[in-house]
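All residue numbers for the sequence shown refer to full-length UniProt numbering, where the first residue is 1 and numbers rise by one. Note that beta-carbon positions come from the ideal geometry of N, C-alpha and C, so glycine has one too. Here's the structure, in structure tokens; my notes come after.
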Amino acid sequence: MGRGKIEIKKIENTTNRQVTFSKRRAGLFKKARELSILCAADVAVIVFNSTGRLFDFASSSMKRILERYRSACGGHDWNNEHEQMLCQFRNLRKENEDLHREIRYVMGEDADSLSPKQLDYLEGNLEIAAKKVRERKTEVLKYERRKTESKVNGLEQKCILLKQWLATAENLEEYDQTPPPTFRVQPSQPNLQSAGY
């Protein structure tokens with residue numbers, strides 16, 4: 001009677017998981033050993049369990065097999081890439097140091113160590129920067145002035161409209177205060193009580 005197939009999913013029970021890991025690891029290493037003997041192959045198996053513990057099997061030397069693997073997969077390229085990354089890192093560090101030095105230079109922090117020629121150059125750069133700042137400040141002030149003038153014009157227009165409205169309201173008020181003209185109404189029928197009848 002054969003065993004039934006089990007569903008391949010993570011075993012939640014820790015004890016069962018550890019027992020299954022030990023049995024299957026032993027089976028995996030047995031198959032790797034058989035493969036190396038039957039086929040005269042170099043076989044290496046590296047396994048880490050869920051707690052991070054290392055288990056490995058190598059038919060010969062693990063180090064030699066890993067070196068063969070690295071050279072077959074382009075380990076040489078990895079070394080070149082590593083060297084390129086180190087070179088880029090050094091270049092970026094130098095560029096960063098140069099930028100920090102230039103910032104200190106522009107801020108005048110290292111002015112004591114500068115030669116007269118360097119001081120003249122720094123002074124020229126600062127004058128150019130000050131000129132740019134003045135030009136930008138002038139632009140901003142002109143813009144703010146135009147904006148303020150526009151607001152003032154809008155308020156003046158509102159003021160004119162309010163004055164016109166008040167003048168109209170005062171005229172209407174004066175019109176309402178004048179007494180209406182008096183009219184004598186003549187009766188449409190003769191007065192029968194008059195003496196003439």
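Going along the chain, which residues of its own chain have a beta-carbon closer than 8 Å to the beta-carbon of residue i, five neighbours each way excluded?
{"i": "residue 47", "result": "25, 28, 54, 55, 56"}
{"i": "residue 11", "result": "17, 20"}
{"i": "residue 41", "result": "35, 59"}
{"i": "residue 68", "result": "42"}
{"i": "residue 202", "result": "Residue 202 lies beyond the stretch modelled for the chain, which goes from 1 to 197, so this question has no answer here."}
{"i": "residue 136", "result": "none"}
Would you mind giving the Cβ-Cβ distance between residue i and residue j, rounded to the nearest angstrom? I have them listed as a contact below 8 Å.
{"i": "residue 114", "j": "residue 122", "result": "7 Å"}
{"i": "residue 65", "j": "residue 58", "result": "6 Å"}
With a 10 Å radius around its C-beta and 16 neighbouring C-beta atoms as the bar for buried, classify residue i as buried or exposed.
{"i": "residue 44", "result": "buried"}
{"i": "residue 197", "result": "Annotation note: pLDDT 49 at residue 197 (below 50); position unreliable, coordinate value reported separately. Label assigned to residue 197: exposed."}
Cutting at 6 Å between CB atoms, please list the residues of its own chain near residue i, excluding the five before and the five after it.
{"i": "residue 70", "result": "none"}
{"i": "residue 106", "result": "none"}
Tell me which same chain residues have a C-beta within less than 7 Å of the C-beta of residue i, skipping the five on either side of it?
{"i": "residue 133", "result": "none"}
{"i": "residue 110", "result": "104"}
{"i": "residue 14", "result": "none"}
{"i": "residue 167", "result": "none"}
{"i": "residue 62", "result": "44, 56"}
May I ask you to check if the CB of residue i is nearer than 7 Å to at least one heavy atom of the ligand SAM?
{"i": "residue 54", "result": "Absence of the ligand SAM is noted for the structure shown, with no ligands found whatsoever."}
Exercise for the section: Jot down the residue ranges of each uninterrupted alpha helix (DSSP H) in the UniProt domain "MADS-box" (1-61), minimum 4 residues, whole runs only, in chain order. Expected result: Secondary structure remark: continuous alpha helix (DSSP H) runs of at least 4 residues inside the UniProt domain "MADS-box" (1-61), in chain order: 14-39.
Problem - Uninterrupted alpha helix (DSSP H) stretches inside the segment 73-137 (no shorter than 4 residues) - result: The alpha helix (DSSP H) runs lying completely inside the segment 73-137 and spanning 4 residues or more are 75-107, given in chain order.
Exercise for the section: Write down every uninterrupted run of the alpha helix (DSSP H) in the segment 150-178 whose length is 4 residues or greater and which is fully enclosed by it, in chain order. Expected result: Segments of the alpha helix (DSSP H) lying fully in the segment 150-178: there are none.
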